[in-house]
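Chemist: With the UniProt record's numbering, you'll find the sequence shown wraps up at 296, consecutive numbering, no jumps.
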Amino acid sequence: MNKPDILCIGSVLWDIIGRSSSHMRSGSDVPGRITRLPGGVAMNIAMTLVNFGLTPALLSAVGRDVEGDELVLEATRMGMITDHLYRSEDLPTDSYMAIEGANGLIAAIADAHSLEQAGTKILRALSNGPLGSSDTPWSGLVALDGNLTRDLLADISKSPLFAASDLRVAPASPGKAERLLALVGHPSATLYVNLEEAGLLCQTTFTSAKDGAKALSTRGVHRCLVTDGGNLAAEALGDDIRTAQPPEVLVTRVTGAGDTFMAAHIASEVQGMAPQDALERALSAAATYVSGETPH
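1. Could you please give me the residues that DSSP links to V193 through a beta bridge?
2. Using the DSSP secondary-structure output, state which residues sit across from V62 in a beta bridge.
3. Tell whether a beta-carbon distance below 8 Å holds between L49 and I266.
4. For L250, does the three-state DSSP call read helix, strand or coil?
5. In this structure, does DSSP put N147 in helix, strand or coil?
6. At the level of alpha carbons, what is the spacing between V290 and V254?
7. Counting Cβ pairs, one atom from each stretch, are 3 or more of them under 8 Å apart for the segment 275–293 and the segment 222–240?
8. Buried or exposed: E100, going by 16 or more other Cβ atoms within 10 Å of its Cβ?
9. Answer with buried or exposed for S22, where buried requires no fewer than 16 other C-beta atoms within 10 angstroms of its C-beta.
10. Smallest Cα separation from G119: which of A213, I156 and A108?
11. Alpha helix (DSSP H) containing G258: first to last residue?
12. Do the segment 89–96 and the segment 105–114 make contact, defined as three or more Cβ pairs closer than 8 Å?
13. Keeping to the same chain, check which residues put their C-beta closer than 6 Å to that of I122; ignore five residues upstream and five downstream.
14. If I follow the unbroken alpha helix (DSSP H) through M47, where does it start and stop?
15. Does DSSP put R36 in a helix, a strand or coil?
16. Looking at C-alpha atoms only, which residue of T205, A189, T288 and H186 is the closest neighbour of V251?
17. So the candidates are V221, V193 and L279; which of them puts its Cα closest to the Cα of A182?
18. Label G129 either buried or exposed according to how many other C-beta atoms from any shown protein chain fall within 10 Å of its C-beta, with 16 as the threshold for buried.
19. What residue range is occupied by the uninterrupted beta strand (DSSP E) comprising G18?
20. Mind reading off the beta-carbon distance from A42 to A143? Whole number of angstroms is fine, and I expect it under 8 Å.
21. Pull up the distance between the alpha-carbon of F261 and that of E269, whole angstroms please.
22. For H166, list the residues DSSP reports as bridge partners.
23. Which of helix, strand or coil does DSSP assign to R219?
24. Quick one, are the C-beta atoms of L201 and E235 less than 8 Å apart?
25. Could you have a look at R242 and say whether DSSP puts it in helix, strand or coil?
26. Applying the criterion that 16 or more other CB atoms from any shown protein chain within 10 Å of the CB defines a buried residue, is A172 buried or exposed?
27. Give me the Cα-Cα distance between S208 and L191, rounded to the nearest whole angstrom.
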């Protein structure tokens with residue numbers, strides 16, 4: 001079995017996305033297209049990493065149902081390591097449903113109950129040998145997904161299994177952003193958030209990504225990257241703050257854009273790019289994604 005370049009820990013599920021070119025509001029009934037694609041934060045990050053030539057391993061909960069078998073087969077086909085997935089007999093494969101209109105995301109429901117119920121079982125490969133142990137912890141990159149429970153994220157922040165890891169963390173949604181407070185103060189954690197999520201973590205609102213990045217750094221976040229749609233994005237590492245402007249594109253989809261940004265940034269750093277170049281390349285990759293020019 002190949003050694004992975006990075007571990008992607010979190011939601012691996014099916015995305016059911018309904019998209020319409022019409023502007024929508026509550027109660028709208030419009031024509032469009034409905035697709036089912038592999039998704040979830042951990043899976044979205046892994047798919048982009050594969051596109052950049054990296055080999056990710058998935059650590060998640062996937063049911064032993066038909067949907068789960070299809071999902072694992074697809075992930076393997078794309079080049080991901082799926083040997084360490086927790087395959088439950090009792091828990092169904094998770095799913096995510098979203099409606100997107102010309103005016104952006106209208107509504108979404110994330111059913112990640114199986115991942116939440118599986119808890120620490122998804123980390124078995126890190127404690128029993130295949131990917132590490134307490135004595136010889138995994139010393140590489142880890143992409144963490146905010147779909148994990150607050151308790152599990154708190155356990156990870158203190159666990160010797162992650163003592164040597166380079167943690168990269170993304171909230172699953174603004175509604176789950178506050179779960180990441182468990183990782184504030186972690187010596188190696190890098191948080192990837194948007195402007196709204198930065199405000200939720202700091203219990204305020206910000207008018208710019210730069211202000212949000214500064215505040216998170218002051219609050220004790222080791223390193224953070226804050227995006228704000230088509231507006232200026234910022235990265236903070238201590239007192240060192242850099243900014244970059246995303247390219248202007250026509251937005252045709254939004255689900256998965258933040259995951260694409262995070263994965264592209266990680267891949268750029270793995271490939272040795274300078275910090276400013278890595279930030280700009282990640283913004284370009286996310287802009288290309290939302291324009292619909294690259295496959296999910």
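Where is the CB? At the ideal position from N, CA and C, for every residue including glycine.
Modeler: Short version:
1. Position 193 of the sequence shown, counting from 1, holds the residue named residue 193. Bridge partners of V193: V226.
2. For the purposes of this step, residue 62 is taken as the residue at position 62 of the sequence shown. Partner(s): R87.
3. Sequence index remark: in the sequence shown, residue 49 carries index 49 (1-based). Sequence index remark: in the sequence shown, residue 266 carries index 266 (1-based). For L49 and I266, yes; Cβs fall inside 8 Å.
4. Numbered from 1 along the sequence shown, position 250 holds the residue referred to as residue 250. If DSSP states are grouped into helix, strand and coil, L250 belongs with coil.
5. In the sequence shown, counting from the first residue as 1, residue 147 sits at position 147. Coil at N147, not helix or strand.
6. In the sequence shown, residue 290 corresponds to position 290, counting from 1. In the sequence shown, residue 254 corresponds to position 254, counting from 1. V290 and V254 have their C-alpha atoms spaced approximately 6 Å apart.
7. Three or more Cβ pairs drawn from the segment 275–293 and the segment 222–240 lie within less than 8 Å of each other, which places the two stretches in contact.
8. For the purposes of this step, residue 100 is taken as residue 100 along the sequence shown, with counting starting at 1. Buried is the call here.
9. Looking up residue 22 in the sequence shown gives position 22. With fewer than 16 Cβ atoms within 10 Å of its Cβ, S22 is classed as exposed.
10. On the sequence shown, position 119 is the one that residue 119 refers to. Nearest C-alpha to G119: I156.
11. Walking along the sequence shown from the start, residue 258 turns up at place 258. Per DSSP, the unbroken alpha helix (DSSP H) holding G258 starts and ends at A257 to V270.
12. Segments in contact, yes.
13. The sequence position of residue 122 within the sequence shown is 122, counting from 1. Excluding five sequence positions before and after I122, the CB atoms of its chain that fall closer than 6 Å to its own CB belong to L59, S60, A61 and Y86, given in chain order.
14. Within the sequence shown, residue 47 is the residue found at index 47, counting from 1. Residues V41 to N51.
15. What you label residue 36 is simply residue 36 of the sequence shown in a count that begins at 1. It is a strand residue.
16. Numbered from 1 along the sequence shown, position 251 holds the residue referred to as residue 251. Taking only the C-alpha atoms, the option nearest V251 is T288.
17. Counting from one through the sequence shown, the residue named residue 182 turns up at place 182. Out of V221, V193 and L279, V221 has the C-alpha closest to the C-alpha of A182.
18. Indexing the sequence shown from 1 puts residue 129 at position 129. Residue environment: G129 is assigned as exposed (fewer than 16 neighbouring CB atoms within 10 Å of its CB, all protein chains considered).
19. Translated into positions along the sequence shown, residue 18 becomes position 18. Counting along the chain, G18 sits inside the beta strand (DSSP E) bounded by residues L13 to R19.
20. Within the sequence shown, the letter at position 42 stands for residue 42. Within the sequence shown, the letter at position 143 stands for residue 143. The beta carbons of A42 and A143 sit about 7 Å from each other, so the pair counts as a contact at 8 Å.
21. Taking the first residue of the sequence shown as position 1, residue 261 is located at position 261. Taking the first residue of the sequence shown as position 1, residue 269 is located at position 269. Roughly 12 Å between the two C-alpha positions.
22. Stepping through the sequence shown from its first residue, residue 166 is reached at position 166. Note that residue 166 is Asp in the sequence shown here, rather than His. The partner list for D166 (beta bridge, DSSP) reads L141.
23. What you label residue 219 is simply residue 219 of the sequence shown in a count that begins at 1. In this structure, R219 counts as helix in the three-state DSSP scheme.
24. In the sequence shown, residue 201 corresponds to position 201, counting from 1. In the sequence shown, residue 235 corresponds to position 235, counting from 1. Between L201 and E235, the gap from beta carbon to beta carbon reaches 8 Å or more.
25. For this step, residue 242 is matched to residue 242 along the sequence shown. The DSSP-derived three-state label of R242 is strand.
26. Locating residue 172 in the sequence shown gives position 172, where the first residue counts as 1. Answer is buried; the Cβ neighbour count reaches 16.
27. Residue mapping note: residue 208 aligns to position 208 of the sequence shown, counting from 1. Residue mapping note: residue 191 aligns to position 191 of the sequence shown, counting from 1. A direct Cα-to-Cα measurement between S208 and L191 gives close to 17 Å.
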